[in-house]
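Presented below is the structure to which this report refers.
Protein chains: 2
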Amino acid sequence: MPHERTITCERCGRERHFVPFLHDHFGAPVRASAAPEILPHLPITRGAGAALHQQVYDGLRRAILDGLLRPGQRVPSTRSLAAELGMSRLPVLTAYEQLLHEGYLEGRVGSGTFVTASLPDDALRPRRGSQPAAAPSPRPKPRVRPEPFGGGLRPFRISAPALDHFPHAVWSRLVARHAYGLTPSHMMYGDPAGLESLRAAVAQHLRTARAVRCEAEQVLIVSGSQAALRLCATVLLSRGDRVAMEEPGYPGARAALGTEGVELVPVPVDDEGLDVGALNALGARVRAAYITPSHQYALGVSMSAARRLALLEWAERRGAWLLEDDYDSEYRYVSRPLGALQGMSAHGRVIYIGTFSKVLFPAIRVGYVVVPPSLWDAFMKARDAMDVFSPTLYQLVLADFLTEGHFARHLRRMRMIYLRRRDALLSGLARHCEGLLTVHNADAGLHVTTTLAPGVDDVQVIERMAARSLTAIALSSCYLGPARQPGLLLGFGGSDERRLEAATRTLGEVLRELTR
Amino acid sequence: MPHERTITCERCGRERHFVPFLHDHFGAPVRASAAPEILPHLPITRGAGAALHQQVYDGLRRAILDGLLRPGQRVPSTRSLAAELGMSRLPVLTAYEQLLHEGYLEGRVGSGTFVTASLPDDALRPRRGSQPAAAPSPRPKPRVRPEPFGGGLRPFRISAPALDHFPHAVWSRLVARHAYGLTPSHMMYGDPAGLESLRAAVAQHLRTARAVRCEAEQVLIVSGSQAALRLCATVLLSRGDRVAMEEPGYPGARAALGTEGVELVPVPVDDEGLDVGALNALGARVRAAYITPSHQYALGVSMSAARRLALLEWAERRGAWLLEDDYDSEYRYVSRPLGALQGMSAHGRVIYIGTFSKVLFPAIRVGYVVVPPSLWDAFMKARDAMDVFSPTLYQLVLADFLTEGHFARHLRRMRMIYLRRRDALLSGLARHCEGLLTVHNADAGLHVTTTLAPGVDDVQVIERMAARSLTAIALSSCYLGPARQPGLLLGFGGSDERRLEAATRTLGEVLRELTR
Chain A
9 MPHERTITCE
19 RCGRERHFVP
29 FLHDHFGAPV
39 RASAAPEILP
49 HLPITRGAGA
59 ALHQQVYDGL
69 RRAILDGLLR
79 PGQRVPSTRS
89 LAAELGMSRL
99 PVLTAYEQLL
109 HEGYLEGRVG
119 SGTFVTASLP
129 DDALRPRRGS
139 QPAAAPSPRP
149 KPRVRPEPFG
159 GGLRPFRISA
169 PALDHFPHAV
179 WSRLVARHAY
189 GLTPSHMMYG
199 DPAGLESLRA
209 AVAQHLRTAR
219 AVRCEAEQVL
229 IVSGSQAALR
239 LCATVLLSRG
249 DRVAMEEPGY
259 PGARAALGTE
269 GVELVPVPVD
279 DEGLDVGALN
289 ALGARVRAAY
299 ITPSHQYALG
309 VSMSAARRLA
319 LLEWAERRGA
329 WLLEDDYDSE
339 YRYVSRPLGA
349 LQGMSAHGRV
359 IYIGTFSKVL
369 FPAIRVGYVV
379 VPPSLWDAFM
389 KARDAMDVFS
399 PTLYQLVLAD
409 FLTEGHFARH
419 LRRMRMIYLR
429 RRDALLSGLA
439 RHCEGLLTVH
449 NADAGLHVTT
459 TLAPGVDDVQ
469 VIERMAARSL
479 TAIALSSCYL
489 GPARQPGLLL
499 GFGGSDERRL
509 EAATRTLGEV
519 LRELTR
Chain B
9 MPHERTITCE
19 RCGRERHFVP
29 FLHDHFGAPV
39 RASAAPEILP
49 HLPITRGAGA
59 ALHQQVYDGL
69 RRAILDGLLR
79 PGQRVPSTRS
89 LAAELGMSRL
99 PVLTAYEQLL
109 HEGYLEGRVG
119 SGTFVTASLP
129 DDALRPRRGS
139 QPAAAPSPRP
149 KPRVRPEPFG
159 GGLRPFRISA
169 PALDHFPHAV
179 WSRLVARHAY
189 GLTPSHMMYG
199 DPAGLESLRA
209 AVAQHLRTAR
219 AVRCEAEQVL
229 IVSGSQAALR
239 LCATVLLSRG
249 DRVAMEEPGY
259 PGARAALGTE
269 GVELVPVPVD
279 DEGLDVGALN
289 ALGARVRAAY
299 ITPSHQYALG
309 VSMSAARRLA
319 LLEWAERRGA
329 WLLEDDYDSE
339 YRYVSRPLGA
349 LQGMSAHGRV
359 IYIGTFSKVL
369 FPAIRVGYVV
379 VPPSLWDAFM
389 KARDAMDVFS
399 PTLYQLVLAD
409 FLTEGHFARH
419 LRRMRMIYLR
429 RRDALLSGLA
439 RHCEGLLTVH
449 NADAGLHVTT
459 TLAPGVDDVQ
469 VIERMAARSL
479 TAIALSSCYL
489 GPARQPGLLL
499 GFGGSDERRL
509 EAATRTLGEV
519 LRELTR
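Which chain is which? The protein sequence lines are A and B, in order.
In my numbering, each residue carries its 1-based index in the first sequence increased by 8.
In my numbering, each residue carries its 1-based index in the second sequence increased by 8.
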């Protein structure tokens with residue numbers, strides 16, 4: 009019952025579940041929208057000209073007319089309001105009576121006093137001028153939902169994990185355990201670096217599974233990889249700096265790193281990853297390079313060992329920073345992955361970034377940065393200035409999830425599930441989209457990169473897909489400069505084999521319509 | 009039992025609680041530090057020169073010598089590792105036998121294979137040169153914990169709520185309810201603006217309790233007031249802009265707003281709040297002013313109505329933005345508070361900022377911004393680029409906490425508790441610190457502002473207090489320019505009356521020592 013709620017009866021203290029708008033045990037309708045007992049702000053001046061009851065009346069009436077109190081909203085009892093205002097009940101009662109009489113308020117038997125639900129709209133306009141006239145609060149235009157939020161759980165949604173296989177029982181048991189056991193020190197301000205136990209568990213995982221060279225003292229817990237990139241921008245980039253970006257590449261990184269006065273420079277990606285030759289040719293003022301060596305966003309390639317060594321050599325020679333976003337590194341279906349670039353670095357020029365969004369679930373909002381010791385103090389200062397620290401509850405839960413072995417088990421189980429989903433997507437594409445698109449790379453991660461015939465408008469394809477309840481990322485939207493190739497990034501993590509098969513059939517229809 | 013944990017036996021699947029380092033039902037010690045089953049990263053090349061068992065041996069040995077696998081850490085079973093590497097078990101068994109024989113690994117009856125706990129330290133150093141030499145990962149120097157995190161739960165800690173009166177039962181019940189009922193769509197990427205139900209509840213609360221003029225569509229949920237200020241800086245400030253700051257004022261705002269190329273300009277605060285005359289005299293290029301009109305941080309005064317009108321007039325005339333941090337507005341002990349400055353504004357020049365850190369608890373990391381409609385799209389874009397969205401779980405919990413009336417009840421109850429604590433602090437100061445400090449303002453919020461005799465070094469006072477397990481904020485640290493007056497900001501929210509009485513006695517002793 010998704011709409012069921014628990015409420016406490018304010019009179020008898022009984023708790024009960026109810027479905028909104030059904031009658032409860034008071035015999036009166038319970039309104040889910042009526043927040044009980046918010047005390048309204050009323051400007052009362054003692055010893056001023058107007059009598060107290062007049063001031064209460066004026067204040068409430070103005071609040072209703074100005075839309076601060078809305079039709080149907082509950083107002084406090086006369087007793088509560090009198091106590092709050094530090095006056096006797098009489099002036100409050102007098103004011104309420106007047107407002108009831110004039111129809112601004114209405115009483116409902118047994119359930120209190122409310123702003124009249126049927127107040128005519130033309131009454132709800134500022135009328136009085138003793139305070140500066142309030143601008144009618146204009147309703148903002150309907151929001152356009154931005155890309156990372158769009159798509160929801162539709163087939164081909166990128167970065168969607170297999171939430172249907174998430175270990176809900178273990179996870180929610182851990183959450184409940186820590187919620188009930190939350191101590192005052194875990195409710196207070198936490199260490200901007202993160203919870204010690206979580207930092208240690210992340211360090212051990214990264215050393216072991218990703219060959220990252222790190223101590224717990226270098227691990228900074230943040231609110232995801234986007235926040236990590238934003239921190240890197242704050243600490244490392246100044247006006248006039250240039251940052252090398254993979255082309256095509258991850259649009260989120262452009263948003264985080266492209267701060268005022270910083271120039272983003274596209275560097276082409278080929279089948280071995282970032283073209284380090286082109287990077288070398290860029291000349292001076294390149295302060296950092298952003299790379300996704302494990303699973304290049306968007307093309308899906310893994311950076312070769314030779315390129316990695318050349319990239320490290322470039323960074324050392326130029327004194328530049330490498331921002332390694334170890335995106336989608338956990339899942340690889342073909343050959344053994346290379347370890348992290350960070351672990352190959354002899355000179356601490358790599359800042360390693362990871363997140364739990366895709367291996368657990370996006371709404372957890374926990375990621376991490378492995379910070380070279382020389383930059384630690386600057387990162388801490390910037391983190392403190394940005395958002396101080398991450399919520400403690402999920403840090404406690406995650407620390408247990410890692411140290412108790414649930415995380416490693418989860419990763420291993422998911423690898424098999426994603427392999428099956430990837431295979432289902434590939435066979436669906438072979439069956440339904442033959443000749444319409446080409447699979448460019450499907451070796452790793454949670455999406456398959458495909459290319460379309462030159463001249464096909466991939467943004468138009470996405471629009472047509474949306475009309476059929478599908479989503480995807482247009483390869484052309486991943487270019488900083490002019491797009492060189494149309495294509496689709498098709499996520500397979502969030503949909504089971506049956507849905508993927510059906511979705512590829514629809515995709516084939518869409519593509520055939522457009523190329524006819 | 010704070011150290012109790014739950015683990016699942018990998019062999020029989022049984023779950024049990026255990027206290028670390030006690031023997032479990034295997035009959036062998038269970039090590040809380042041994043994360044089971046993280047699969048180590050091993051670079052294996054098929055068809056390369058070396059035999060597979062030699063590559064597994066080399067890979068594990070290197071991982072141990074390089075510190076990627078640590079003494080005492082568990083390694084996976086030969087079966088798991090063989091499956092992970094996609095090879096038969098034989099080469100893995102051969103490699104493990106060799107490593108056991110050479111003392112790199114050790115087996116423990118019934119509990120698996122571990123990196124030898126007693127491995128001599130001098131073995132743990134990179135020895136081999138086939139990859140680029142790894143720099144020995146230098147241990148970062150011990151971290152200096154920054155101010156907002158310091159102080160913990162000590163008496164006089166500023167911004168500490170009365171966690172001992174927090175409605176734990178209701179809160180943890182809500183958390184558990186939503187943890188067990190978490191739906192896939194609430195696990196996915198959420199709206200950068202925040203959860204709709206929470207935005208509506210916050211809007212209703214702000215309209216009613218603070219006379220803020222807003223619709224739910226203007227409410228942006230963020231990770232606290234620090235993140236809110238950071239967003240304001242991103243959206244509103246450019247290189248060369250000047251920002252007027254209250255002097256003395258909130259150091260956290262300086263950290264958030266003082267980005268590269270932005271000049272922070274101190275404007276004095278007197279008993280009516282910010283000196284708008286001085287603001288008017290500043291001249292051009294002042295793009296924004298940061299103010300805490302309800303309870304000025306640090307002096308505790310409330311901005312007078314005349315000053316508010318003058319400030320609004322200034323903003324309109326200059327086309328400047330007012331960043332209203334409605335800090336500590338919920339608790340006022342003397343007279344009725346003025347409503348929010350935002351609600352008096354006719355021209356949408358006010359950005360209203362609030363947080364649940366002090367009214368609920370800091371580790372919740374949820375705050376909000378009421379954004380003028382004209383700025384909405386820019387704020388959304390900046391929020392998405394900064395950290396995408398806030399964790400969904402606490403948003404769900406908060407929405408229920410507000411709409412079910414728990415929040416309003418909590419605020420009302422806390423007001424009485426804080427009034428008692430404030431009175432205890434004031435009477436303690438009168439008893440033990442007479443003639444040593446002067447109470448400047450104690451009308452609102454969770455701290456009392458006191459001043460010390462000119463010439464007293466308040467930072468030294470804080471140091472002496474720290475040695476006696478007390479904490480506080482030095483008034484001199486709140487000045488952007490030269491400090492004009494020494495003083496102490498004494499928090500009273502987090503300590504009960506008895507602790508406050510004892511703490512004022514200690515404070516009196518410290519002050520007497522220093523002025524002797």
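Think of the CB as a built atom: it goes at the ideal place given N, C-alpha and C, for glycine as much as any other residue.
Check: Reference Y360 of chain B, options B:L368, B:F369, B:K366, B:Q350, closest by Cα; Outcome: B:Q350
Check: C-beta contact flag for S1 of chain A and Y335 of chain A at 8 Å; Outcome: Since the first residue of chain A shown is 9 and the last is 524, residue 1 of chain A is not available in this structure.
Check: Members of the region 415 to 428 of chain A near chain D, C-beta cut-off 9 Å; Outcome: Going by chain labels, chain D is absent from the structure shown, which instead holds the protein chains A and B.
Check: Beta-carbon proximity list for G266 of chain B, same chain, < 7 Å, skipping 5 on both sides; Outcome: L272
Check: Helix, strand or coil at L419 of chain A [DSSP, three-state]; Outcome: helix
Check: Partner residues on chain B for T6 of chain A, Cβ-Cβ distance less than 7 Å; Outcome: The structure shown does not extend to residue 6 of chain A, since chain A spans only 9 to 524, so no value can be given for it.
Check: Partner residues on chain A for A318 of chain B, Cβ-Cβ distance less than 8 Å; Outcome: Residues of chain A passing the Cβ test: none, with the nearest at roughly 12 Å.
Check: Contact set between the region 248 to 275 of chain B and chain A, restricted to residues whose Cβ is under 7 Å from the partner; Outcome: A263, A264, E268, G269
Check: For V378 of chain B and V220 of chain B, believed in contact at Cβ under 8 Å, the rounded distance; Outcome: 6 Å
Check: Where P462 of chain A falls, given that 16 or more other Cβ within 10 Å makes a residue buried; Outcome: exposed
Check: Assumed close pair P274 of chain A, L488 of chain A - CB separation to whole angstroms, cut-off 8 Å; Outcome: 4 Å
Check: Rounded C-alpha distance that separates S126 of chain B from A348 of chain A; Outcome: 28 Å
Check: Neighbour list for Q212 of chain B in chain A, Cβ cutoff strictly below 8 Å; Outcome: A43, I46, R78, Q81
Check: CB contact check: T216 of chain B to chain A, cutoff 8 Å; Outcome: yes
Check: Among A:H173, A:G436, A:L190, nearest to H542 of chain B - alpha-carbon criterion; Outcome: Missing from the structure shown is residue 542 of chain B; chain B here goes from 9 to 524 and no further.
Check: Closer than 8 Å to chain A by CB, G291 of chain B; Outcome: no
Check: Within the region 278 to 302 of chain A, ranges of the beta strand (DSSP E) (whole runs, at least 3 residues); Outcome: 294 to 299
Check: Below-8 Å beta-carbon distance, A90 of chain B vs any chain A residue; Outcome: no
Check: Extent of the continuous beta strand (DSSP E) run through D122 of chain B; Outcome: Asp is not the amino acid found at residue 122 of chain B; the sequence shown has Phe there. From DSSP, the beta strand (DSSP E) with F122 of chain B extends over 120 to 123.
Check: Short-range partners of chain A found in the region 192 to 213 of chain B, where Cβ spacing is below 9 Å; Outcome: P192, S193, H194, M195, M196, Y197, G198, D199, P200, A201, A208, A209, Q212, H213
Check: Below-8 Å beta-carbon distance, P51 of chain A vs any chain B residue; Outcome: yes
Check: Minimum Cβ-Cβ distance from V528 of chain B to chain A less than 8 Å; Outcome: Because chain B in this structure spans residues 9 to 524, residue 528 of chain B falls outside the shown range and cannot be described.
Check: C-beta atoms of P276 of chain A and C486 of chain A nearer than 8 Å; Outcome: no
Check: Euclidean distance between Cα positions of L368 of chain B and H173 of chain B; Outcome: 10 Å
Check: Outcome for H109 of chain B when other beta-carbon atoms lying within 10 angstroms are tallied against a minimum of 16; Outcome: exposed
Check: Where R513 of chain B sits in the DSSP three-state scheme; Outcome: helix
Check: Buried or exposed (CB count within 10 angstroms, at least 16 for buried), P490 of chain A; Outcome: exposed
Check: Simplified DSSP state of T459 of chain A, which is helix, strand or coil; Outcome: strand
Check: Interface partners of V183 of chain A on chain B, CB under 8 Å; Outcome: V183, A184, A187, L401
Check: Identity of the residue in A:Y341, A:A264, A:E254 nearest L307 of chain A by Cα; Outcome: A:E254
Check: Beta-carbon proximity check, L77 of chain B vs V83 of chain B, cutoff 8 Å; Outcome: yes
Check: Contact set for S205 of chain A: own chain, Cβ-Cβ below 6 Å, skip 5 residues either direction; Outcome: A407
Check: Within 9 Å of chain B by C-beta, residues of the region 486 to 511 of chain A in sequence order; Outcome: G502
Check: Where H355 of chain A falls: helix, strand or coil (DSSP); Outcome: coil
Check: Any C-beta of chain B under 8 Å from that of G281 of chain A; Outcome: no
Check: Test: S85 of chain B CB closer than 8 Å to a CB of chain A; Outcome: no
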